[in-house]
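Peer 1: Quick one: structure below, then a few questions.
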């Protein structure tokens, strides 16, 4: 074996060994937290609970309108074309921001993107019952807005977990976080259907909006430094509740 082949074999062995090593050790992960959170204020388990609640709120928000849209269409006289727009424009918005969400999550932090999208999504749900009665086209716009803000959620979650969770535990961490998606869907399908029969579609959508806002508040409490965004979302939420009480017909609640 000549010197050149020996050098090539040695270099290949070193490259294989470097590829076999993990990108980040557990010790490095503990000290590599981004500025958005502090090591003492946010543990891996609390982060997991935050993301579990966030994924549940995301799917509850996207499922509630398809659940109530037959009742809304019958009450407000929507035709099949408008119903199709309301249902489909969510995914147009979702597709437009999914790639951009990952980009911004890497640039400004996944936590910031997730909290902002949760707050805006909750506001769009809370405004829905009151606004669509006055302006039916607003239903399409609010659904598109909900899709726009939900598109970045899962890319941001992936970016956040890559920074805070070691590769050895990342798959289990994400699998538990993603469990919130079917749980949110089941919650809306079971509880929302019962509330829809007893109290009407307005209350179902309003409750889904408040649950999404609670999830945003939970994330804010854990991550911190987002008080201005939460206050903005809370203001819109209160405005939506006032409009719901002022414009929504109390007789249609059937309480």
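Numbering (the working numbering), first residue to last: 536 to 790. Here a beta-carbon is modelled for each residue, glycine too, at the ideal position from N, C-alpha and C.
Using DSSP with H/G/I as helix, E/B as strand and the rest coil, what is residue 682?
Peer 2: Here residue 682 refers to the residue found at position 147 when the chain shown is read from its first residue. Three-state result, residue 682: helix.
Peer 1: Please classify residue 612 as buried or exposed, where buried requires at least 16 neighbouring CB atoms within 10 angstroms.
Peer 2: As a first step, residue 612 must be located in the chain shown, where it is residue number 77. So residue 612 counts as exposed.
Peer 1: Which runs of the alpha helix (DSSP H) spanning at least 4 residues fall entirely within the region 636–669, listed in chain order?
Peer 2: The qualifying runs are 645–669.
Peer 1: Which of helix, strand or coil does DSSP assign to residue 727?
Peer 2: Here residue 727 corresponds to residue number 192 of the chain shown, with the count starting at 1. Looking at residue 727 - three-state DSSP - the assignment turns out to be helix.
Peer 1: One question on the structure: do residue 579 and residue 736 come within less than 8 Å of each other, judged by their Cβ atoms?
Peer 2: On the chain shown, position 44 is the one that residue 579 refers to. On the chain shown, position 201 is the one that residue 736 refers to. No, they are not a contact pair.
Peer 1: Relative to the alpha-carbon of residue 632, which residue among 680, 699, 659 has its alpha-carbon at the smallest distance?
Peer 2: As a first step, residue 632 must be located in the chain shown, where it is residue number 97. For the residues 680, 699, 659, the minimum Cα distance to residue 632 belongs to 680.
Peer 1: Are the region 653–665 and the region 708–718 in contact at 8 Å, needing three or more beta carbon pairs?
Peer 2: The region 653–665 is not in contact with the region 708–718.
Peer 1: Is it true that the CB of residue 715 sits closer than 8 Å to the CB of residue 617?
Peer 2: Position 82 of the chain shown, counted from the first residue, corresponds to residue 617. Position 180 of the chain shown, counted from the first residue, corresponds to residue 715. Their beta carbons are not under 8 Å apart, which means residue 617 does not touch residue 715 by this criterion.
Peer 1: With distances taken Cα to Cα, identify the nearest neighbour of residue 581 among 700, 600, 721.
Peer 2: Locating residue 581 in the chain shown gives position 46, where the first residue counts as 1. Cα-wise, what sits closest to residue 581 is 700.
Peer 1: Does DSSP put residue 671 in a helix, a strand or coil?
Peer 2: Reading the chain shown from its first residue, position 136 is the one you call residue 671. Of the three classes helix, strand and coil, the one that applies to residue 671 here is coil, per DSSP.
Peer 1: Please state if the CB of residue 723 and the CB of residue 743 are separated by a distance shorter than 8 Å.
Peer 2: On the chain shown, position 208 is the one that residue 743 refers to. On the chain shown, position 188 is the one that residue 723 refers to. It is a contact, given that the beta carbons lie within the stated cut-off.
Peer 1: Report the option in 643, 626, 599, 591 whose CA atom is closest to the CA atom of residue 695.
Peer 2: On the chain shown, position 160 is the one that residue 695 refers to. Among 643, 626, 599, 591, the Cα nearest to that of residue 695 belongs to 643.
Peer 1: Please state whether DSSP places residue 700 in a helix, a strand or coil.
Peer 2: Translated into positions along the chain shown, residue 700 becomes position 165. The answer is coil: DSSP assigns residue 700 none of H, G, I, E or B.
Peer 1: Within its chain, find whatever has a CB closer than 8 Å to the CB of residue 626; leave out the 5 residues flanking it on each side and keep chain order.
Peer 2: Within the chain shown, numbered from 1, the residue matching residue 626 stands at position 91. Only 682 meet the Cβ criterion.
Peer 1: Which first and last residues belong to the alpha helix (DSSP H) in which residue 596 is found?
Peer 2: Position 61 of the chain shown, counted from the start, is the residue given in the question as residue 596. Residues 579–611.
Peer 1: Would DSSP call residue 692 helix, strand or coil?
Peer 2: Indexing the chain shown from 1 puts residue 692 at position 157. Correct three-state label for residue 692: helix.
Peer 1: Does DSSP classify residue 748 as helix, strand or coil?
Peer 2: Mapped onto the chain shown, residue 748 falls at position 213. In the structure shown, residue 748 sits in a helix (DSSP, three-state: H, G or I).
Peer 1: Helix, strand or coil for residue 714, going by three-state DSSP, please let me know.
Peer 2: For the purposes of this step, residue 714 is taken as residue 179 along the chain shown, with counting starting at 1. In the structure shown, residue 714 sits in coil (DSSP, three-state: anything other than H, G, I, E or B).
Peer 1: Grouping DSSP H, G and I as helix and E and B as strand, with all else coil, what is residue 719?
Peer 2: Residue numbering aside, residue 719 sits at position 184 when the chain shown is read from its first letter. Note: residue 719 maps to helix in three-state DSSP.
Peer 1: Could you tell me how far apart the beta carbons of residue 674 and residue 621 are, in whole angstroms, since I believe they sit closer than 8 Å?
Peer 2: What you label residue 674 is simply residue 139 of the chain shown in a count that begins at 1. What you label residue 621 is simply residue 86 of the chain shown in a count that begins at 1. Sure, about 5 Å apart at Cβ, within 8 Å.
Peer 1: Which residue's Cα is closest to the Cα of residue 691: 651, 746, 598, 609?
Peer 2: Counted from its first residue, the chain shown places residue 691 at position 156. Residue 691 has its Cα closest to that of 651, out of 651, 746, 598, 609.
Peer 1: Pick helix, strand or coil for residue 735, following the three-state DSSP scheme.
Peer 2: Counting from one through the chain shown, the residue named residue 735 turns up at place 200. Looking at residue 735 - three-state DSSP - the assignment turns out to be coil, as it is neither helix nor strand.
Peer 1: For residue 702, is the classification buried or exposed, using 16 other Cβ atoms within 10 angstroms of its Cβ as the cut-off for buried?
Peer 2: Counted from its first residue, the chain shown places residue 702 at position 167. Exposed, because fewer than 16 other Cβ atoms sit within 10 Å of the Cβ of residue 702.
Peer 1: Going along the chain, which residues of its own chain have a beta-carbon closer than 7 Å to the beta-carbon of residue 653, five neighbours each way excluded?
Peer 2: Along the chain shown, one-based indexing puts residue 653 at 118. Only 589, 592, 747, 750, 751, 754 meet the Cβ criterion.
Peer 1: How long is the line joining the alpha carbons of residue 834 and residue 602, rounded to whole angstroms?
Peer 2: Outside the shown range of the chain (536 to 790) lies residue 834, about which nothing can therefore be said.
Peer 1: Taking the beta carbon of residue 645 as the centre, do at least 16 other beta carbons fall within 10 Å, making it buried, or is it exposed?
Peer 2: Locating residue 645 in the chain shown gives position 110, counting from the first residue. With 16 or more other Cβ atoms within 10 Å, it is buried.
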